[in-house]
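Chemist: Position in the sequence shown counted from 1, then plus 52, gives you the working numbering. Beta carbons are placed, not taken as given, at the ideal position from N, Cα and C, and that holds for glycine.
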Amino acid sequence: MNSLNQQYEEKVRPCIDLIDKLRSLGVEKDLALPAIAVIGDQSSGKSSVLEALSGVALPRGVGIVTRCPLELKMTRKKKGEAWYGKISYRDYNEELKKPSLVEKKIREAQDKLVGNGTGISNDLISLQIASPDVPDLTLIDLPGITRVAVSGQSEDIGEQIKRLIQNNIRKQETISLVVVPCNVDIATTEALRMAQQVDPEGERTLGILTKPDLVDKGTEENVVKIVHNEVIPLKKGYMVVKCRGQKEITEKVSLSEALKNEEAFFKEHAHFQTLFDEGQATVPKLAEKLTLELVHHIQTSLPRLDEQIQKKLKQTRANLDKLSNGPPSDAIERLGFLIDRVSAFTQDAISLTKGEELKCGYKSSIFSLLRGQFAVWRKAIETSGTNFNWNIQREVSQYERKYRGRELPGFINYKTFEAMIQEQIKQLEEPAVQKLKDVSELVKKELFELAQSSLVGFPNLIRTAMLKIEDIRTKREAEAEAILRLQFQMELIVYTQDTTYSQMLAKRKKEDKEEAVNSLVNNNSSGATPKEMLKHLKSYYQVNVTETLFFMFTSVQKQIFYLEMFGLSNSNNVSLFLPNNLLIQNKCFNVFSKPGPNSGLTVLETPTIFL
53 MNSLNQQYEE KVRPCIDLID KLRSLGVEKD LALPAIAVIG DQSSGKSSVL
103 EALSGVALPR GVGIVTRCPL ELKMTRKKKG EAWYGKISYR DYNEELKKPS
153 LVEKKIREAQ DKLVGNGTGI SNDLISLQIA SPDVPDLTLI DLPGITRVAV
203 SGQSEDIGEQ IKRLIQNNIR KQETISLVVV PCNVDIATTE ALRMAQQVDP
253 EGERTLGILT KPDLVDKGTE ENVVKIVHNE VIPLKKGYMV VKCRGQKEIT
303 EKVSLSEALK NEEAFFKEHA HFQTLFDEGQ ATVPKLAEKL TLELVHHIQT
353 SLPRLDEQIQ KKLKQTRANL DKLSNGPPSD AIERLGFLID RVSAFTQDAI
403 SLTKGEELKC GYKSSIFSLL RGQFAVWRKA IETSGTNFNW NIQREVSQYE
453 RKYRGRELPG FINYKTFEAM IQEQIKQLEE PAVQKLKDVS ELVKKELFEL
503 AQSSLVGFPN LIRTAMLKIE DIRTKREAEA EAILRLQFQM ELIVYTQDTT
553 YSQMLAKRKK EDKEEAVNSL VNNNSSGATP KEMLKHLKSY YQVNVTETLF
603 FMFTSVQKQI FYLEMFGLSN SNNVSLFLPN NLLIQNKCFN VFSKPGPNSG
653 LTVLETPTIF L
C-alpha cells in the first residue's frame, strides 16, 4: 500500500476526486461518469473482496444482503492520521467515529430506503472512508444476482436485480468488476454472462476469482488458465484473491491478519505461487490494479465528458438567454408579460402547422411529419385496392355461379353491386380512425415539445399549456372522429351519378376495350355481366377511397389549427405561471459568474439546474 501511495498519490487522487465531486453535484443525473461496478452471484465472495479493500466489515448473511447500490469512496490518508467515515443517502448525512459502526449504519440505511423486507431499491448509499490502510479508489457495489425468490421476496426479484445491474454496467463509462468463485464453472456464471452482453469484446470487464482454498484437488491448473486469460479472455484480465471465510470471521480474525494469511497462502501454494509472483494475486495487488484501471479510465473518458458538459452548459445558457431578466415585478406588467409569452407560443404553434420558422428557435414542421404518416396511409389504401381487385373478382364469379337470377345478359343486379361496395368500404373505417388517432398523438407530442422550448423557465406555465393542449386535442379528435365516421356512413350510400365516377368508368372501359375485342358469343352470354360489374366496382371503389384520403388530411389540418391558448392569458393566477424574479437571477449567476479556469469544477453543477 505504501508503494502505491508514494508512486501515484499526485496523479491518482485528483482524478478520483474530480469524478467524486461531479457525482456529489448530481452531474450523473445528466451524464454517465467513469466508475467501477462490482457484480457477482450471491455467495460469490463479493462482500469479502470489498471488506478486504476497505478495511471495514460490510453486511453479510443469507439471501440478498446488498439491497441498494453502495458507493464506496476510499481515500488514502498519511500514516498516523485518524480513520474517518461518513455515510450519506437521500438528504441524510452522518459522520462515523469508528469502523465498527459501518455495518450497522449500512443496514439502517437499507431499512430506511427499502423497508425491513427483502426487496431492493435504486437509491444510492454513499460510504466515504479515509484511512492510511485503504487505496485511493471508488467502487459501486450492486446487489448479488439471485435466481430463486425466497419467502417474503417478490417473484420477479431476480429480474429486478438484473435490471438494476444492467442499468449500471451498460454505460460505456463503467468498468465491470465481475466476482466469480474458483470452485464454480466460470462459463455458467450469470454475472459474467451479463457483462459479456453489454461488453462482448471484454474491453471494460475485469474478472476477480475468489475462494481459491476451496478448489478441488486436481483442478488448480484450471484456475491458473483462467487467470492467464486462456479460458474466457478479457482485455483487462483476471485477478485472484483469498479473503476471510466464515470460519475466520467466527474466529474473529482481523482484516489485517487475513491479508497476511492470504499472502502466505499464495506464496506457499504449489500451483498459485506463479500467480503471486506475476502480480495477479492478493488483495493489495488487486487494489493497485483497480486504482490504475480507474485512473486510466477517467483520463480516457475526460475529453468526451468535457464535450458533453460543454454541450449541456451551452444548452443551459441558451435557455437562460430566453428567460432574459425574468418577469417584471409590477402586477399589471406581469400580466402583459404573460400575455406576450402565451401569444408568442400560440403564434409559434400556428407557424409550426404551416412549416414556417419559429420565434423560439424550435426546429420542426408538423407537415413534414404528417407527410410520412399519410404516405403510410396511402400505401395502405393502395394495398387495400389490390386486395379489393382480387377479392371482388372472386365474389363476382361466385355471384355469377350461385345467385344470378333472371337478369338479361349485360344487366347488373344493383343490390349485389351495392352490397359488395359497402362491405369493402366498411373494412377501411377502423384503420382510418386509427390513423386519425396516430396523427392526433403526433401533433400533441410536437406541441408539447414546442411548449417546453417556447416557455422554458416557466414550469407551471408549461404544465398548464400541456393540459390545455391535451384538452383541445381530446375535444377536436372526438369531433374529427365523429365527422370521419359520418363520412363513412355517407359513403355507404352508393351514388352512381357522380361525374368523377362516370369518367373513371369510361376510362376503364376504354382500357378493357384496347386489351381485347369480345366475340359475338361472349356478347350474347351472361359472361359479359361479371366483366361489366367488375368495371363498375373497381371504378367506384377507386373514387371512394380517394375521397376518404382527402377527407382525412383536411380534417386533421383543421384540428391542428384549433389552438385556444389565449385562454391562459385571462387567468387570474399570473403569479402561479411566472417564477420569482430572484430565482432567475440566481440561475444566471450560477452559470455566468463562476470565474477563472480553476473554478471549472463548480461551473459543472449548472447543467442539472434545468435538465
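1) Would you mind working out which of I514, S505, K496 sits nearest I524, comparing C-alpha positions?
2) Please return the same chain residues whose Cβ sits closer than 8 Å to the Cβ of L572, not counting the five positions on each side in sequence.
3) Out of V508, E272, V394, state which residue places its alpha-carbon closest to the alpha-carbon of T368.
4) Per DSSP, what kind of secondary structure is A333 in: helix, strand or coil?
5) Taking I278 as the reference, give the member of G297, N235, K129 with the closest Cα.
6) Please go through the same chain and pick out, in chain order, the residues whose beta-carbon is closer than 7 Å to the beta-carbon of D72, but skip the five residues on each side of it.
7) Taking S100 as the reference, give the member of D251, T257, D82, K263 with the closest Cα.
8) By how many angstroms is the C-alpha of V231 removed from the C-alpha of S95?
9) Please report the Cβ distance between V64 and D188, rounded to the nearest whole angstrom; I am assuming they are in contact, meaning their Cβ atoms lie under 8 Å.
10) Confirm, please, whether the CB-CB distance from L194 to I177 is below 7 Å.
11) Opposite G137 in the DSSP bridges: which residues?
12) Just to confirm my understanding: we take Q59, look at its own chain, exclude 5 residues before and 5 after, and list those with CB closer than 6 Å. What are they?
13) Does the structure place the region 287-297 close enough to the region 117-136 that three or more beta carbon pairs sit under 8 Å?
14) Just to confirm the assignment, what range does the alpha helix (DSSP H) spanning T516 have?
15) For T127, which beta-bridge partners are listed by DSSP?
16) For F318 and L307, which I take to be in contact (beta-carbon distance under 8 Å), what is that distance rounded to the nearest angstrom?
17) How many Å lie between Q609 and Q425 at the Cα?
18) Might you give, ordered along the chain, the residues of its own chain that have their beta carbon closer than 8 Å to the beta carbon of G210, omitting 5 neighbours on each side?
19) From the DSSP output, in three-state form, read off S381 for me.
20) Less than 7 Å between the C-beta atoms of I350 and P86, yes or no?
21) CA-CA distance, K294 and V347?
22) V394 to V485, Cα distance in whole Å?
23) At which residues does the beta strand (DSSP E) containing V275 begin and terminate?
24) I418 to D400, Cα distance in whole Å?
25) Sorted by chain position, which residues of the same chain lie with C-beta nearer than 7 Å to T241's C-beta, five sequence neighbours on each side aside?
26) In the DSSP assignment, find the unbroken alpha helix (DSSP H) run with S228 in it and report its ends.
27) With C-beta atoms as the reference, is I88 less than 7 Å away from I227?
28) Taking 7 Å as the cut-off, decide whether the C-beta atoms of E147 and K138 are in contact.
29) Mind checking which residues open and close the alpha helix (DSSP H) that includes I217?
30) If contacts are defined as beta-carbon pairs under 8 Å, then G107 and S183 qualify, I think. What distance do you get, rounded to the angstrom?
31) Out of curiosity, what's the CA-to-CA distance linking E385 and E529?
32) Less than 8 Å between the CB atoms is what I'm expecting for S173 and R119, so what's the real figure, rounded?
33) Using the Cα positions of L421 and L74, report the straight-line distance between them to the nearest angstrom.
34) Could you give the first and the last residue of the continuous beta strand (DSSP E) run that contains A89?
35) Would you tell me roughly how many angstroms separate the C-alpha atoms of K366 and T302, rounded to the nearest one?
Modeler: Reading off the structure:
1) Sequence index remark: in the sequence shown, residue 524 carries index 472 (1-based). Considering only I514, S505, K496, the residue with the shortest C-alpha distance to I524 is K496.
2) Numbered from 1 along the sequence shown, position 520 holds the residue referred to as residue 572. Because L572 carries a pLDDT of 39, less than 50, the predicted location of this residue cannot be relied on, and the following value inherits that uncertainty. Around L572: no qualifying Cβ.
3) Sequence index remark: in the sequence shown, residue 368 carries index 316 (1-based). Taking only the C-alpha atoms, the option nearest T368 is V508.
4) Position 281 of the sequence shown holds residue 333. Three-state DSSP puts A333 in a strand.
5) Locating residue 278 in the sequence shown gives position 226, counting from the first residue. It is N235.
6) Translated into the one-based positions of the sequence shown, residue 72 becomes position 20. Answer for D72: K125, T190, listed in chain order.
7) Looking up residue 100 in the sequence shown gives position 48. Of D251, T257, D82, K263, the residue nearest in Cα terms is K263.
8) As a position in the sequence shown, residue 95 is number 43, starting the count at 1. As a position in the sequence shown, residue 231 is number 179, starting the count at 1. Spanning the two alpha carbons is a distance of roughly 10 Å.
9) Sequence index remark: in the sequence shown, residue 64 carries index 12 (1-based). Sequence index remark: in the sequence shown, residue 188 carries index 136 (1-based). In this structure V64 touches D188 by the C-beta definition: roughly 5 Å separates them, less than 8 Å.
10) Counting from 1 along the sequence shown, the entry for residue 177 is found at position 125. Counting from 1 along the sequence shown, the entry for residue 194 is found at position 142. Not a contact, by the Cβ cut-off of 7 Å.
11) Within the sequence shown, residue 137 is the residue found at index 85, counting from 1. Answer by DSSP bridge pairing, in chain order: L148, I181.
12) By one-based count along the sequence shown, residue 59 stands at place 7. Confidence at Q59 is low in this model, with a pLDDT of 49, below 50, so the placement of that residue should be treated as unreliable; the coordinate-derived value is given next. For Q59, where only same-chain residues beyond five positions count, there are no Cβ hits under 6 Å.
13) no
14) Position 464 of the sequence shown holds residue 516. That run of the alpha helix (DSSP H) goes 511-543.
15) Here residue 127 refers to the residue found at position 75 of the sequence shown. Paired residues: A182.
16) Translated into positions along the sequence shown, residue 318 becomes position 266. Translated into positions along the sequence shown, residue 307 becomes position 255. Between L307 and F318 the Cβ distance is about 17 Å, and since that is not below 8 Å, they are no contact.
17) Here residue 609 refers to the residue found at position 557 of the sequence shown. Here residue 425 refers to the residue found at position 373 of the sequence shown. Any reading at Q609 must be qualified, since the residue scores a pLDDT of 47, below 50, and its modelled position is unreliable; the value itself is stated next. If I take the Cα positions, the gap works out to 13 Å.
18) If you number the sequence shown from 1, residue 210 lands on position 158. Counting only Cβ-Cβ distances below 8 Å, and skipping sequence neighbours, we find I197, T198, R199, V200, A201.
19) Position 329 of the sequence shown, counted from the start, is the residue given in the question as residue 381. In this structure, S381 counts as coil in the three-state DSSP scheme.
20) One-based indexing of the sequence shown puts residue 350 at position 298. One-based indexing of the sequence shown puts residue 86 at position 34. Yes. Within cutoff.
21) Numbered from its first residue, the sequence shown carries residue 294 at position 242. Numbered from its first residue, the sequence shown carries residue 347 at position 295. Distance between the alpha carbons of K294 and V347 is about 25 Å.
22) Numbered from 1 along the sequence shown, position 342 holds the residue referred to as residue 394. Numbered from 1 along the sequence shown, position 433 holds the residue referred to as residue 485. When rounded, the distance between both Cα atoms is 32 Å.
23) Here residue 275 refers to the residue found at position 223 of the sequence shown. Segment 272-279 is the alpha helix (DSSP H) holding V275; no beta strand (DSSP E) there.
24) If you number the sequence shown from 1, residue 418 lands on position 366. If you number the sequence shown from 1, residue 400 lands on position 348. Cα to Cα, the separation comes out at about 12 Å.
25) Position 189 of the sequence shown, counted from the first residue, corresponds to residue 241. Once the five neighbours on either side are set aside, the close Cβ partners of T241 are D93, V232.
26) Residue 228 sits at position 176 when you count from the first residue of the sequence shown. Here S228 belongs to no alpha helix (DSSP H); instead the beta strand (DSSP E) covers 226-233.
27) Taking the sequence shown and counting its residues from 1, one reaches residue 88 at position 36. Taking the sequence shown and counting its residues from 1, one reaches residue 227 at position 175. Closer than 7 Å, so yes.
28) Residue 147 sits at position 95 when you count from the first residue of the sequence shown. Residue 138 sits at position 86 when you count from the first residue of the sequence shown. Closer than 7 Å, so yes.
29) Indexing the sequence shown from 1 puts residue 217 at position 165. Per DSSP, the continuous alpha helix (DSSP H) segment holding I217 begins and ends at 209-221.
30) As a first step, residue 107 must be located in the sequence shown, where it is residue number 55. As a first step, residue 183 must be located in the sequence shown, where it is residue number 131. Sure, about 6 Å apart at Cβ, within 8 Å.
31) Position 333 of the sequence shown holds residue 385. Position 477 of the sequence shown holds residue 529. Roughly 36 Å between the two C-alpha positions.
32) Here residue 173 corresponds to residue number 121 of the sequence shown, with the count starting at 1. Here residue 119 corresponds to residue number 67 of the sequence shown, with the count starting at 1. The Cβ separation is near 7 Å, so the contact holds.
33) Here the question's residue 421 lines up with position 369 in the sequence shown. Here the question's residue 74 lines up with position 22 in the sequence shown. Each residue's Cα considered, the two are about 39 Å apart.
34) Counting from 1 along the sequence shown, the entry for residue 89 is found at position 37. 87-92 is the span of the beta strand (DSSP E), which, as asked, contains A89.
35) Residue mapping note: residue 366 aligns to position 314 of the sequence shown, counting from 1. Residue mapping note: residue 302 aligns to position 250 of the sequence shown, counting from 1. Each residue's Cα considered, the two are about 57 Å apart.
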